[in-house]
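Numbering (our numbering), first residue to last: 2 to 427. Using N, Cα and C, we set each Cβ at its ideal position, and we do this for glycine too. These notes are about the structure you will find just below.
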């Protein structure tokens, strides 16, 4: 009989002084590491902190490394908020840490100083990515990184900070040669952790915007300006979809400020049943209009042949879509035969009941748009409480980002939920 896969220790805290916050987090981690159902020998630390602590990033990492010498790899970044369990720390000094127990030959920490390289017995399967939004050609770099993995699937987000947009990337076990004097705290570019095929993950994207009208084929563009959709002027169609007119400029401008554009490629599922965008859609800002050419300028360079739909952020749609992806993850982890066996086990006398050999969640990473947290879902911690209610009391870390990464796309107004999966008793 094989042992139950253990949960990843997870700790979080807020305090005006970072040393006090670190002390609280370390106390939580050590207490969990002593529990029989938690990992006692973690190897990889995921560290997220709010931008209140950004100036102390190096000192915080040094402090954690000294206290947890058995953890030989670290990755993470800064956000305007951090996620931890069912708590959201937004616009306050806080940090969130999860310690992952993974085989040393199944992950590689990388950065701009120590790039990801295949070979030497390691083939990247998926990767957790952190990036600086100011990095030139960022979308192309993300796509290139996805091509270097076997699945083409990335998950992660952009650092979000009113100060230093720092990233963490450190490995002491020989998997990140060349870091030298550069240290483990970086600014700019990409960093993260690549995972081998021995690390089981399930990941989903949830959208925060809902189309206000049907999608249409892009038939003419000029740079970042949508000129025609389905052969008709883009500006005229948008005004019709929003039921406004330029003859009432104040109302029109107010409506356009709330409006975005969802882009998808031919053959991709743009809209789910129920009217919500699918994961294939990337949402971009409207940054202006061209009254003379009846065009709409967006924060993207769209292509003829893509499909576009005007959309708006919608809290109800965001809540429903978040519940949908959590349900999909649960269904993948608990297929019908597992549910039947579990029901039979629960119906049996206590002494005869035993766990079913189903996979279980060891830990989760949740990266959400900085524009989604808190009030957008109806109150403090509301977004994470939905996840907790759907998945149960699983270890979870993450941050509120300036953009979200999933597959080879850079998203906005979305969230990416990824769970590490292990086996139960066999």
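Quick check on DSSP: helix, strand or coil for residue i?
i           : result
residue 316 : helix
residue 302 : coil
residue 24  : helix
residue 215 : coil
residue 422 : strand
residue 131 : strand
residue 56  : helix
residue 71  : coil
residue 391 : helix
residue 378 : helix
residue 198 : coil
residue 31  : helix
residue 206 : strand
residue 227 : strand
residue 76  : strand
residue 89  : strand
residue 236 : helix
residue 249 : coil
residue 344 : Low confidence applies here, because residue 344 scores a pLDDT of 47, under 50, leaving its location unreliable and the question unanswered by this model.
residue 107 : helix
residue 352 : Because the pLDDT of residue 352 is 39, which lies under 50, any placement of that residue in the model is unreliable, and the number read from its coordinates should be weighed accordingly. Residue 352: coil per DSSP, three-state reduction.
residue 254 : helix
residue 331 : helix
residue 242 : helix
residue 47  : strand
residue 168 : strand
residue 62  : helix
residue 385 : helix
residue 118 : coil
residue 291 : strand
Measuring alpha carbon to alpha carbon, tell me which of the options ends up nearest residue i.
i           : options            : result
residue 85  : 395, 149, 92       : 395
residue 297 : 416, 327, 258      : 258
residue 1   : 299, 14, 143, 410  : Outside the shown range of the chain, which is 2 to 427, sits residue 1, and nothing can be said about it.
residue 161 : 37, 91, 253        : 91
residue 128 : 309, 150, 190      : 150
residue 214 : 24, 278, 97        : 278
residue 41  : 71, 96, 233        : 71
residue 295 : 252, 247, 313      : 247
residue 404 : 368, 192, 309      : 368
residue 23  : 7, 45, 64, 44      : 64
residue 272 : 322, 291, 227      : 322
residue 32  : 47, 12, 46, 59     : 12
residue 139 : 154, 189, 95, 171  : 189
residue 392 : 249, 332, 126      : 332
residue 315 : 291, 377, 329      : 377
residue 238 : 372, 382, 309      : 309
residue 216 : 256, 251, 261      : 261
residue 306 : 361, 312, 227, 95  : 227
residue 290 : 77, 250, 83, 329   : 250
residue 155 : 111, 282, 407      : 407
residue 135 : 146, 159, 387      : 159
residue 327 : 362, 311, 194, 313 : 362
residue 313 : 29, 415, 329, 164  : 415
residue 198 : 153, 107, 117      : 107
Is it buried or exposed for residue i, if we count other Cβ within 10 angstroms and need 16 for buried?
i           : result
residue 20  : exposed
residue 379 : exposed
residue 288 : exposed
residue 317 : exposed
residue 157 : buried
residue 268 : exposed
residue 293 : exposed
residue 36  : exposed
residue 204 : buried
residue 6   : buried
residue 39  : buried
residue 212 : buried
residue 223 : exposed
residue 18  : exposed
residue 244 : exposed
residue 266 : exposed
residue 56  : exposed
Report the CB separation of residue i from residue j in whole angstroms; it is logged as a contact under 8 Å.
i           : j           : result
residue 200 : residue 103 : 6 Å
residue 168 : residue 187 : 5 Å
residue 143 : residue 418 : In fact, because the Cβ distance is near 19 Å, the residues do not count as touching under 8 Å.
residue 98  : residue 26  : 5 Å
residue 230 : residue 220 : 7 Å
residue 93  : residue 53  : 7 Å
residue 133 : residue 166 : 5 Å
residue 202 : residue 9   : With 8 Å as the limit, residue 202 and residue 9 do not qualify as a contact, their Cβ atoms being about 13 Å apart.
residue 44  : residue 78  : So it is not a contact: roughly 20 Å between Cβ atoms.
residue 210 : residue 263 : 7 Å
residue 130 : residue 193 : 4 Å
Inset, instruction - Would you mind listing the alpha helix (DSSP H) stretches within the segment 133-164 that are 4+ residues and don't spill past its ends, in chain order? - result: 139-148
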